[in-house]
Amino acid sequence: LDSIMNASPPPAREMRVRKRPADGGGGNDHAASRPRLSRDGSGLQVASLCRNSSSNSNVSSVASPRPASRQAWAGAEKKAEVVCSLISCAKPIDCKAARASIRIAPGEAKQLKSKEEKALIAWRGDGTATMHKECFELAKASAGMAKKKPFVFGQYEKGTVSKACRFAEVFDSEEDIIAKAHSLADAIVAAKHVCVFSGAGLSTAAGIGDYRGLKGKWTEEGMGENAHVEGEEEVEDDGGVSYENLRPTLAHEGISYLVSQGLVKYVISQNCDGLHLLSGVPEDKISELHGNVFREYCEKCGKEYERGQYVCFDDDLYYEELEEHGKTKLKKPKGTEQCKSCGLNHRTTRKCDDKKCNGPLRDTIINFGDDLRDHIWDPAQENADACDLMIAFGSTLEVTPACHLAAGPQQNSKRKKTKKDAEEQARKLAIINRQRTPLDASSERVGLRCHGDCDVVMRHVLLKLMGASKFEAWVAECEAKKAGYEVKRPRV
């Protein structure tokens, strides 16, 4: 699969991160105040991350869709001859085998070739390397703090490999993915209250770039000028794909189906793309913690509006300069107002359609430092507390306070844990994500850990639950739904 063998797609070049200063984000004392969005070194799909600052219109753009999404629907596999980048191995990697990909800045890869020390990894021109999973583990151990190192890197390569391993994308073998998907399907049927927790990785197949992936936004930013491949012609940004043109992936449709069948009771999403609602998840079955780029509400009366077009006002350069420097020579955009929490603007410049109110409308996006809205947070908290199975799709589980909902309550560390405690906690959380999460090493809290693409895992979950013939009929139903998407969210 392209989604397995290749790196994730880069976000559009004009993506911007709306955020507080380095110490921003506020506290996370839920008892003392409303939950506030903060970042613990992780990515977050905030709508403003994908806004096109070069445009004067309220049309945002994201990365181009991935062909892997179509392959996941059909179950097709693209066989690719990839050789292990660990030079001491250099054997072909079967497309169904477990593997891992890492990336360093292309500039660093070039410097490695110019140094006298002998490189142990054959880096590609774009700075990527793909290895058998076992070869990756050897490289990771050799570049880390392990006492017994399988081999010795040169000092420069050791540092680059150690850094690259933090953002590695790992894939289980096809056999393991199918087995884990079947186990997850059984767990869903057996559970009484299932919740889904979704992150940016759920929407990468739709065309939205991630943040900590091999070519994620923050990965690219961390590389600085070294991220550019020397000798390559600069490709003019075509503006990417507009949010209005995004459509639900197989994983989105699968979650919607599970909700409709009563197998999933509630969806908690960090994403702002509105694809869960578009796929058919009812409003009372979802909390979009960080907002929705298609929703706005009145400051005065609170009335909410769901639009068919992107609602956010993106001309935030005035507020960005004001927040960063305390002053600006730019003219304040008409109809906008600086938010006291995040320092940016939330007003969309439209007015409430109730003539008696005529209040200014605001977007629903939560920026770093903003408080999460109570009517969104509270049902998410209630369902997270009630669930006996939480399934995390496409999240590194590091953005607070949302990640606390997925992780579940901490066990009392003073009380001696019994075998039953461990079993009950292990049934609490299933994680499907290509990258590492802080909970991966916690066998007591994680009952199932699958390294793979959300669409691929969901396909095998549904095949297990439905059977092949019913699954094919369901795929046809999903195809028929697309006409409705065109009406509800016209393309631009």
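In terms of the working numbering, the sequence shown opens at residue 9 and continues consecutively.
Glycine included, each C-beta is placed from N, C-alpha and C at the ideal position.
Contact under 9 Å by Cβ, L397 with I196: With a cutoff of 9 Å on beta-carbon distance, L397 and I196 are scored as near each other.
CB contact flag (F179, G367, <9 Å): Contact check for F179 against G367 fails: the beta carbons are separated by 9 Å or more.
Euclidean distance between Cα positions of D323 and E89: Pairing D323 with E89, the inter-Cα distance amounts to about 46 Å.
As assigned by DSSP and simplified to three states, the class of F175: Here F175 carries a coil assignment [DSSP, helix/strand/coil].
Coil, strand or helix - G351 by DSSP: Correct three-state label for G351: coil.
Closest Cα partner of V495 within the set E252, K141, K121 and K342: Among E252, K141, K121 and K342, the Cα nearest to that of V495 is on E252.
Y326 versus K339: straight-line alpha-carbon distance, rounded: The alpha-carbon atoms of Y326 and K339 are separated by roughly 7 Å.
Unbroken beta strand (DSSP E) run spanning Y274, endpoints: Residues Y274 to S277.
Whole-angstrom distance between A108 and L128, CA atom to CA atom: Roughly 16 Å separates the two Cα atoms.
Extent of the continuous alpha helix (DSSP H) run through L266: From DSSP, the alpha helix (DSSP H) with L266 extends over L258 to S268.
Per DSSP, the bridge partner or partners of D371: DSSP, once it has assigned bridges, lists E304 as partnering D371.
Whole-angstrom distance between T404 and P446, CA atom to CA atom: Taking the straight line joining both Cα atoms gives about 8 Å.
Beta carbon of C306 nearer than 9 Å to that of C360: Inclusion of C306 and C360 in the CB contact set at 9 Å is warranted, their separation being smaller than that value.
Cα-Cα separation, K311 to H412: Rounded to the nearest angstrom, the two C-alpha atoms are 29 Å apart.
Continuous beta strand (DSSP E) stretch holding C309: start and end: Where C309 is concerned, there is no enclosing beta strand (DSSP E), because DSSP gives it neither an H nor an E.
Nonlocal neighbours in the same chain, by C-beta distance under 7 Å from A259, ignoring five residues either side: Answer for A259: L210, F401, C462, D463 and M466, listed in chain order.
Burial state of R499, where buried means 16 or more other Cβ atoms lie within 10 Å: Its Cβ having fewer than 16 others within 10 Å, R499 is exposed.
Delimiting residues of the alpha helix (DSSP H) encompassing I186: In the DSSP assignment, I186 falls within the alpha helix (DSSP H) that extends over E182 to A198.
Three-state secondary structure assigned by DSSP to F321: Reduced to three states, the DSSP call for F321 is coil.
Inter-residue Cα distance where the pair is G377 and F321: Each residue's alpha carbon lies about 19 Å from the other.
Identified DSSP bridge partners for C203: According to DSSP, which records beta bridges pairwise, C203 is partnered with Y274 and M398.
Element boundaries [alpha helix (DSSP H), containing C462]: C462 -> alpha helix (DSSP H) spans C462 to M474.
Whether A415 touches R453 by CB criterion (9 Å): Less than 9 Å separates the beta-carbon of A415 from that of R453.
C411 - containing alpha helix (DSSP H), residue span: Per DSSP, the unbroken alpha helix (DSSP H) holding C411 starts and ends at A410 to A415.
Secondary structure of I384, DSSP reduced to three states: Residue state, collapsed to three classes: helix.
Residue range of the beta strand (DSSP E) that includes A137: Following the DSSP letters along the chain, one finds A137 inside the beta strand (DSSP E) bounded by residues T136 to H140.
8 Å contact criterion, which T336 and T344 should meet: CB distance rounded: Between T344 and T336 the Cβ distance is about 13 Å, and since that is not below 8 Å, they are no contact.
Same chain, Cβ closer than 7 Å to R497, five either side skipped, listed in chain order: Cβ within range, chain order: E252, L286 and G316.
Rounded C-alpha distance that separates S295 from P100: Taking the straight line from one Cα to the other gives about 44 Å.
Bridge partners - R457, DSSP secondary structure assignment: R457 pairs with I439.
Pair within 9 Å by beta-carbon distance, C92 and T138: Less than 9 Å separates the beta-carbon of C92 from that of T138.
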